[in-house]
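Q: Residue numbering for the sequence shown follows the UniProt record's numbering, beginning at 1 and increasing consecutively.
By construction, the Cβ of each residue, glycine as well, lies at the ideal position given by its N, Cα and C atoms.
Note that the structure is a prediction, hence the values are computed from the model and not measured.
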Amino acid sequence: MAHNVPNTTGQVDLPMIDLSHPDGVGSGKALLDAAVKYGFLYVDSRTCAFSGSDIDQMFAISEEFFGLSTAEKLPFRRGANNRGWVGMHVETLDPEHHEKGDFKEALNIGELENGTLQQPLPSCTAAHERTIARFTELCNQTCSQILQFLAHGLEIPGDYFTSRHDPSHGATGNSLRLLYYPASITSYRSGKDIRAGAHSDYGSITLLFQRPGQPGLEIKTAPESEWAPVPVYPDTPTDYPFPPILVNIGDMLSYWTDGLLKSTIHRVVFPHEAQREGANDRQDRYSIAFFCQPVGSTELTTVPSAVVAAHRKEQSQVRGSSVGYGGGAVSLDDHRATAAEHLQSRFAATYITK
Ligand SMILES: O=C(O)CCC(=O)C(=O)O
Ligand SMILES: [Fe+2]
Numbered sequence: 001m002a003h004n005v006p007n008t009t010g011q012v013d014l015p016m017i018d019l020s021h022p023d024g025v026g027s028g029k030a031l032l033d034a035a036v037k038y039g040f041l042y043v044d045s046r047t048c049a050f051s052g053s054d055i056d057q058m059f060a061i062s063e064e065f066f067g068l069s070t071a072e073k074l075p076f077r078r079g080a081n082n083r084g085w086v087g088m089h090v091e092t093l094d095p096e097h098h099e100k101g102d103f104k105e106a107l108n109i110g111e112l113e114n115g116t117l118q119q120p121l122p123s124c125t126a127a128h129e130r131t132i133a134r135f136t137e138l139c140n141q142t143c144s145q146i147l148q149f150l151a152h153g154l155e156i157p158g159d160y161f162t163s164r165h166d167p168s169h170g171a172t173g174n175s176l177r178l179l180y181y182p183a184s185i186t187s188y189r190s191g192k193d194i195r196a197g198a199h200s201d202y203g204s205i206t207l208l209f210q211r212p213g214q215p216g217l218e219i220k221t222a223p224e225s226e227w228a229p230v231p232v233y234p235d236t237p238t239d240y241p242f243p244p245i246l247v248n249i250g251d252m253l254s255y256w257t258d259g260l261l262k263s264t265i266h267r268v269v270f271p272h273e274a275q276r277e278g279a280n281d282r283q284d285r286y287s288i289a290f291f292c293q294p295v296g297s298t299e300l301t302t303v304p305s306a307v308v309a310a311h312r313k314e315q316s317q318v319r320g321s322s323v324g325y326g327g328g329a330v331s332l333d334d335h336r337a338t339a340a341e342h343l344q345s346r347f348a349a350t351y352i353t354k
């Protein structure tokens, strides 16, 4: 099968996690199991802090931004601090397999300070500073909750991870990323091109918000397994107020746990139906990713967890085994010392000027 032809086999059945447990003990175990087995899970949208209107408003801001002309977006393009607009084909998440960059645009919004945006943005986007601030605050809260639950599952102090993400200890690499994959692009070659190349995420955890009717994400839960589409809504007849939030583990949590937590490979394609010969039902896809990253100086050394120690004992091959995938991915043995260094080496390998 060509590298990026979407799979036609079954979708993956990811666990659905309830975030409403006050102590997090039961959820911690369920979260940990999902993070170890799949590296991906859903958060039940009835149990999280976001309302349907928080999500709708953020997507409306995104559509307004990407609706601007290239000339209007160009002055706000991504700079050395990773903030700003990333144009079509500017990022290549899987440079080994795709000579042409990803068929997407993105807007990276860096951490706000006291509710204030720290980067120039077009006025139509900057006007929504309060909405963006609220959305990122809710993302931070949700990530803190998940990190605490994972710490419970790993039997380490509840604040082990959150203290390493506390912006009062230094700047984090947190990034809110609005993504747009246009359907109308005519240069897309099925079987050769990709909307977002295969990669793992670089940080601790990622929250992914998707829209109904705009699928395309696929994951690979083991190197030898097939690509499995991840549906926007899992196959259960439940009245969710908005699609469940998809949560995935990034490289750094994998390094911290000697590979116990999986930084799972994923990619974005046109859904299978839309790639068949003569198809004319391609859809735009808008998604929003929140990349939760530790304070830049955080060392990526193994956490003091008996669960991780037992995993290490079981796996005589842990040293040298691979973590993650895509430009700049490195093994457990060879990874960089700090969070900021890891991020920089991933960016250097995936923003390539040809
Ligand atoms: O748009 C998506 O669904 C996924 C995007 C993604 O994986 C990323 O930006 O890291
Ligand atoms: Fe990703």
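Do three or more CB pairs link the region 192-203 to the region 285-303 at distances below 8 Å?
A: The region 192-203, when compared against the region 285-303, does touch it at the 8 Å Cβ threshold.
Q: Should G115 go down as buried or exposed, given a rule of 16 or more other Cβ atoms within 10 Å for buried?
A: Exposed: under 16 other Cβ atoms inside 10 Å.
Q: Might you give, ordered along the chain, the residues of its own chain that have their beta carbon closer than 8 Å to the beta carbon of K262, omitting 5 neighbours on each side?
A: Correct list, in chain order: A35, V36, K37, Y38, G39, T221, I249 and S254.
Q: Confirm, please, whether the CB-CB distance from S69 to L179 is below 9 Å.
A: No, the Cβ-Cβ distance between L179 and S69 is not below 9 Å.
Q: Here's a check: name, in chain order, each residue in its chain whose Cβ is nearer than 6 Å to the Cβ of D13, leaving out the five neighbours to either side.
A: Answer for D13: no residue qualifies.
Q: Evaluate T350 with the Cβ neighbour count: other Cβ atoms within 10 Å of its Cβ, from every protein chain shown; 16 or more gives buried, anything less gives exposed.
A: With 16 or more other Cβ atoms within 10 Å, it is buried.
Q: Quick check on the DSSP output: what are the complete beta strand (DSSP E) runs of length 3 or more inside the region 199-254, in order along the chain?
A: Counting only runs of 3 or more, we get 205-210, 217-220 and 245-249.
Q: Give the C-beta separation of A198 and G327 to the nearest angstrom, bearing in mind that I take them to be a contact with Cβ-Cβ under 8 Å.
A: That pair is no contact at about 10 Å.
Q: Please classify residue 355: does DSSP put it in a helix, a strand, or coil?
A: The structure shown has nothing for residue 355, since the chain only spans 1 to 354.
Q: Between A337 and E218, what straight-line distance do the alpha-carbon atoms span, to the nearest angstrom?
A: So the alpha carbons of these two residues sit roughly 30 Å apart.
Q: Extract the residue ranges of the alpha helix (DSSP H) inside the region 14-72, only unbroken runs of 4 or more that lie entirely within it.
A: Whole alpha helix (DSSP H) segments, 4+ residues: 25-37 and 52-66.
Q: Taking 8 Å as the line, does the beta carbon of N248 fall inside it for any heavy atom of ligand 2?
A: Yes, since a heavy atom of ligand 2 falls inside the 8 Å radius drawn around the Cβ of N248.
Q: Return yes when at least one heavy atom of ligand 1 lies under 8 Å from the C-beta of K188, else no.
A: Sequence check: residue 188 is Tyr here, not Lys. Not so, every heavy atom of ligand 1 lies at least 8 Å from the Cβ.
Q: Between the beta-carbon of F195 and the beta-carbon of V269, is there less than 9 Å?
A: The sequence as given places Arg at residue 195; Phe does not occur at that position. Against a cut-off of 9 Å, the Cβ pair of V269 and R195 comes out as a contact.
Q: Helix, strand or coil: which one does DSSP assign to H97?
A: Reduced to three states, the DSSP call for H97 is coil.
Q: Can you tell me which of the three DSSP states L138 falls into?
A: Note: L138 maps to helix in three-state DSSP.
Q: Among the residues of its own chain, which have a CB less than 8 Å from the CB of R211, if the five just before and after it don't count?
A: If we look at R211 and ignore the five residues flanking it on each side, its Cβ neighbours are F59, V232, P243, R285, Y286 and S287.
Q: Under DSSP, the alpha helix (DSSP H) around F290 begins and ends at which residues?
A: Where F290 is concerned, there is no enclosing alpha helix (DSSP H), although the beta strand (DSSP E) it sits in stretches over R285 to C292.
Q: If I follow the unbroken alpha helix (DSSP H) through Y160, where does it start and stop?
A: Per DSSP, Y160 belongs to the alpha helix (DSSP H) from Y160 to S163.
Q: Taking all protein chains shown into account, decide if P304 is buried (16 or more other Cβ within 10 angstroms of its Cβ) or exposed.
A: So P304 ends up on the exposed side.
Q: Alpha carbon to alpha carbon, what distance is there between Q148 and T50?
A: Per the sequence shown, the amino acid found at residue 50 is Phe instead of Thr. Looking at the two C-alpha atoms, the distance is approximately 19 Å.
Q: Three-state secondary structure (DSSP) at A80?
A: Coil at A80, not helix or strand.
Q: Take C139 and list the residues in its own chain whose beta-carbon comes closer than 7 Å to its own, dropping the five residues that flank it on each side.
A: If we look at C139 and ignore the five residues flanking it on each side, its Cβ neighbours are L176, L207 and F290.
Q: Could you tell me the boundaries of the alpha helix (DSSP H) in which V308 lies?
A: A306 to E314 is the span of the alpha helix (DSSP H), which, as asked, contains V308.
Q: At which residues does the beta strand (DSSP E) containing S345 begin and terminate?
A: No beta strand (DSSP E) contains S345, which is instead part of the alpha helix (DSSP H) from A339 to T350.
Q: Do T125 and E64 come within 9 Å of each other at the CB atom, strictly closer than that value?
A: It is a contact, given that the beta carbons lie within the stated cut-off.
Q: Less than 8 Å between the CB atoms is what I'm expecting for Y181 and R46, so what's the real figure, rounded?
A: Going by Cβ atoms, the distance from Y181 to R46 rounds to 28 Å, so no, they are not a contact pair.
Q: Got a sec: does ligand 1 put a non-hydrogen atom nearer than 8 Å to the Cβ of Q11?
A: Flag unset: Cβ of Q11 not near ligand 1.
Q: Tell me the DSSP secondary structure of N7 in three-state form.
A: Confidence at N7 is low in this model, with a pLDDT of 49, below 50, so its placement is unreliable and no value can be given for it.
Q: Looking only at C-alpha atoms, which of S123, M16 and R164 sits nearest to S297?
A: Per the Cα distances, R164.
Q: How is the alpha helix (DSSP H) around S123 delimited, first residue to last?
A: Here the alpha helix (DSSP H) through S123 covers S123 to A126.
Q: Alpha carbons only, please: which of I156, V323, Q283 and A309 is nearest the one belonging to M252?
A: Among I156, V323, Q283 and A309, the Cα nearest to that of M252 belongs to V323.
Q: Verify whether the separation of the beta carbon atoms of R267 and W227 is less than 9 Å.
A: It is a contact, given that the beta carbons lie within the stated cut-off.
Q: Quick one: is P223 buried, meaning 16 or more other Cβ sit within 10 Å of its Cβ, or exposed?
A: The residue in question, P223, is exposed, as its Cβ has fewer than 16 Cβ neighbours within 10 Å.
Q: Taking DSSP as the reference, what is the three-state secondary structure of L147?
A: Helix.
Q: Report yes if the C-beta of Q293 is less than 8 Å from at least one heavy atom of ligand 1; otherwise report no.
A: No; taking the cut-off as 8 Å, the Cβ of Q293 has no heavy atom of ligand 1 nearer than that.
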